[in-house]
Amino acid sequence: MDPYIIGQQLVNGLILGAIYGLIAIGYTMVYGIIGMINFAHGEIYMISAYLTAIFLATLSMVGIDSVFFALTLTLALAILFTGLYGWAVERIAYRPLRGSTRLAPLISAIGMSLVLQNYIRLSQGARNQGVPAVMEGGFRIPPSGSEQFIQITNIQLVIVVVAVLSMAALTYIMQRTSLGRSCRATQQDIVMAQLLGVNTDRIISIVFVIGASMGAVAGVLVSLNYGSFDFHVGFVTGIKAFTAAVLGGIGSLPGAMLGGVVLGLSESFFSGFVNTDYKDVFAFSILVLVLIFRPSGLLGTPEVEKV
Amino acid sequence: MNTSPKHLLILDNVHSAYGPITAVNGVSLQVDRGEIVSLIGANGAGKSSLLMTIFGNPRAHQGTILFKGGDITTMETHRIARMGIAQVPEGRRVFSHMTVAENLAMGAMPVELSGKKKTEAESKITSGILETVYTMFPVLEERRNQRAGTLSGGEQQMLAIGRALMSRPQLLLLDEPSLGLAPLISKKIFSKLKEIAATGTTIFLVEQNANQALRLADRGYVLVNGEIRLQGTGQELLKDPEVRKAYLGGH
Chain A
-4 MDPYIIGQQL
6 VNGLILGAIY
16 GLIAIGYTMV
26 YGIIGMINFA
36 HGEIYMISAY
46 LTAIFLATLS
56 MVGIDSVFFA
66 LTLTLALAIL
76 FTGLYGWAVE
86 RIAYRPLRGS
96 TRLAPLISAI
106 GMSLVLQNYI
116 RLSQGARNQG
126 VPAVMEGGFR
136 IPPSGSEQFI
146 QITNIQLVIV
156 VVAVLSMAAL
166 TYIMQRTSLG
176 RSCRATQQDI
186 VMAQLLGVNT
196 DRIISIVFVI
206 GASMGAVAGV
216 LVSLNYGSFD
226 FHVGFVTGIK
236 AFTAAVLGGI
246 GSLPGAMLGG
256 VVLGLSESFF
266 SGFVNTDYKD
276 VFAFSILVLV
286 LIFRPSGLLG
296 TPEVEKV
Chain B
155 MNTSPKHLLI
165 LDNVHSAYGP
175 ITAVNGVSLQ
185 VDRGEIVSLI
195 GANGAGKSSL
205 LMTIFGNPRA
215 HQGTILFKGG
225 DITTMETHRI
235 ARMGIAQVPE
245 GRRVFSHMTV
255 AENLAMGAMP
265 VELSGKKKTE
275 AESKITSGIL
285 ETVYTMFPVL
295 EERRNQRAGT
305 LSGGEQQMLA
315 IGRALMSRPQ
325 LLLLDEPSLG
335 LAPLISKKIF
345 SKLKEIAATG
355 TTIFLVEQNA
365 NQALRLADRG
375 YVLVNGEIRL
385 QGTGQELLKD
395 PEVRKAYLGG
405 H
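Taken in order, these protein sequences are the chains called A and B. All residue numbers for the first sequence refer to our numbering, where the first residue is -4 and numbers rise by one. All residue numbers for the second sequence refer to our numbering, where the first residue is 155 and numbers rise by one.
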């Protein structure tokens, strides 16, 4: 096999994997803390893509020309607003159902997902929307003259750097700060956390906001890279990221990141060497195989029934 | 109701239930400052439910719970925890995926979250508490970087007690600290409780192990089917024929 094609698929796969990983974090953290799959999370990511378009347009309108400044500001604003959406979704659709059956919040999540999709469809139109290319160029390995090369665009570099920084920041918060410790405590034993003075409702809200922020980062990065999206993009990407979370072991933070990368790489290699049309089939086949042979995922711990 | 300042905790006709199942059925009791009070009862008598009802989970649907003279009956669980009551719950409930040190840090959360501006003297007290806990349970210091789930049952019990002490509670609630422990370890735990009481912490202990619990206690209550059946000093209850027959295997 051609080493350049392998290299190129590796690059593409890592980019894709970083995106899946970022979104998967939202699924895995919410599942870890309240044991439900937040099916509206893909929509949060989609909203972030729209917010990116809106903020970039607004910033260029008010005359901010520096690419770095515009991107940083867009990222910050997208995180802020998307975080608000995440917070509101939990408050409106899930908190009132806490303590009811396991199925109720799941159905509520599907409802929320439909509501958000149609809200965007009505307010932004059903057509594809686009983000102008804010950053062009890239480089090739080897640099020049050769007929065969691996192409890496600047925006791809930005994606990797931002994704890695976000994941590092999140890991730091969860492992080293008192807030992160309270999150982990709530995840392990919600009643005991309350007995220790932790306001677990607030922690759950914070987890939703953190998950949404990571989704926001993914939304910004993807729209910069592909430039085009519609109100429906949250669905397939959301399900893929969910697959990544299950693959890595749902509830496990490093698992979500690893699952994202593994899924991204498999999909990319499958498209590169086998068939592009069937890449989704391949991704979901991985999900099926994982569920059959390793239901707890790569890094997950098997659920032990508490006595 | 008498609410003199010497009463730390007062339960007045408290009822609570898990759904349709009555757990606590009209319990009235009080714990005074500096006392060790034991509540004994058989499996399913409602002992653990009573301790959890004090923390509002399940919520008392009738009756009043006063702590330091203030009504905490309808207060949220996490706010009650910041009032100066700590609980060593049934089954210890240590955070098994966290290290011993992290578990102890969680124990200090009620102080950290209470949001009161600390005076210098107070922050000195909280900074010294970790050393106090490590001195009391040296094994916790040895294992401070180990995951709590890898500790033995006795060590987990020590960790649960140490964690509860981290907030320097005025009132310490303990739910069956001797459960599932070897007699020697259980004896050690009870002697530690005596040490804790000697530092001025008030202790309310719930136990099936009536002998050890009543020996330690200044006063005791006997709980049957969610109701207080008997009360008296520890010595009185130890001699009571009904108690001897039901809980001490006497004839």
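No residue lacks a Cβ here, since even glycine has one placed at the ideal position from N, Cα and C. Keep in mind the model is a prediction, meaning the values are calculated, not measured.
- Val178 (chain B) and Gly200 (chain B) do touch by the CB rule: their CB atoms are close to 5 Å apart, below 8 Å.
- Ala171 (chain B) carries a strand assignment under DSSP once its states are collapsed to helix, strand and coil.
- Within the segment 28 to 107 of chain A, the complete alpha helix (DSSP H) runs of at least 4 residues fall at 36 to 56 and 62 to 84.
- At a C-beta separation below 9 Å, Ala235 (chain B) has these neighbours in chain A: Gln189, Leu190, Leu191, Gly192 and Val193.
- Residues of the segment 215 to 236 of chain B with a Cβ closer than 9 Å to any Cβ of chain A, in chain order: Glu230, Thr231, His232, Arg233, Ile234, Ala235 and Arg236.
- Annotation: the continuous beta strand (DSSP E) that includes Ala240 (chain B) extends over Ile239 to Val242.
- Your pair Val157 (chain A) and Trp82 (chain A) does not check out as a contact, with CB atoms roughly 22 Å apart and the cut at 8 Å.
- Distance from Ala367 (chain B) to Leu359 (chain B) at the Cβ level is roughly 6 Å; contact confirmed, criterion being Cβ atoms closer than 8 Å.
- Shortest Cα-Cα distance from Gln385 (chain B) to any of B:Tyr375, B:Ile175, B:Gly316 and B:Asn379 involves B:Tyr375.
- Within the segment 177 to 255 of chain B, the complete beta strand (DSSP E) runs of at least 3 residues fall at 190 to 194, 216 to 221 and 239 to 242.
- The Cβ atoms of Gly246 (chain A) and Gly206 (chain A) do not sit closer than 8 Å to each other.
- Contact check for Asp329 (chain B) against Glu244 (chain B) passes: the beta carbons are separated by less than 8 Å.
- Identification of chain A residues near Gln184 (chain B) by a Cβ-Cβ cut-off of 9 Å yields none; the smallest Cβ-Cβ distance measures about 22 Å.
- In the structure shown, Asp275 (chain A) falls within a helical segment according to DSSP collapsed to helix, strand and coil.
- The shortest C-alpha to C-alpha distance from Gly30 (chain A) to any of A:Glu142, A:Ile87, A:Gly132 and A:Leu101 is the one to A:Leu101.
- Shown here, Phe265 (chain A) sits in a helix according to DSSP, grouped into three states.
- In this structure, Leu248 (chain A) keeps its C-beta atom at 8 Å or more from the C-beta atom of Gly12 (chain A).
- For the segment 290 to 323 of chain B, the set of residues with a beta-carbon nearer than 7 Å to any beta-carbon of chain A is empty.
- Take Asp196 (chain A), set aside five residues on each side of it, and the residues of its chain with a beta-carbon closer than 8 Å to its own are Arg90, in chain order.
- Using a Cβ-Cβ cut-off of 8 Å, Val202 (chain A) does not count as an interface residue toward chain B, since no Cβ of chain B sits closer than that to its own.
- For Ile245 (chain A), the three-state secondary structure derived from DSSP is coil.
- CA-to-CA, the gap between Leu193 (chain B) and Ser182 (chain B) works out to about 12 Å.
- For Arg322 (chain B), there is no enclosing beta strand (DSSP E), since its DSSP letter is neither H nor E.
- DSSP places Phe226 (chain A) outside both helix and strand once states are collapsed to three, so it counts as coil.
- The shortest C-alpha to C-alpha distance from Gly188 (chain B) to any of B:Leu402, B:Ala351 and B:Asn365 is the one to B:Ala351.
- It is roughly 12 Å from the alpha-carbon of Ser281 (chain B) to the alpha-carbon of Leu258 (chain B).
- Ser118 (chain A) and Ala52 (chain A) have their C-alpha atoms spaced approximately 17 Å apart.
- Checking the DSSP bridge columns, you'll see Gly125 (chain A) partnered with A:Ser223.
- Residues of the segment 354 to 368 of chain B whose Cβ lies closer than 7 Å to any Cβ of chain A: none.
- Between Ala213 (chain A) and Tyr40 (chain A), the gap from beta carbon to beta carbon is short of 8 Å.
- With respect to the 8 Å criterion, Leu335 (chain B) and Ile343 (chain B) are classified as neighbours on the basis of their beta carbons.
- The C-beta distance from Leu17 (chain A) to Phe50 (chain A) rounds to 18 Å, too long to fall under 8 Å, and the pair is not in contact.
- Shown here for Val155 (chain A): same chain residues with a beta carbon closer than 8 Å to its own, the five before and five after excluded, namely Leu9, Ile10 and Ala13 in chain order.
- Distances from the CA of Ala236 (chain A) to each of A:Gly222, A:Asn220, A:Glu262 and A:Tyr221 were compared; the closest alpha carbon is that of A:Glu262.
- Taking every protein chain shown into account, the CB of Asn123 (chain A) has fewer than 16 other CB atoms within 10 angstroms, so this residue is exposed.
- With contacts defined as CB atoms closer than 8 Å, Leu313 (chain B) and Leu305 (chain B) qualify as a contacting pair.
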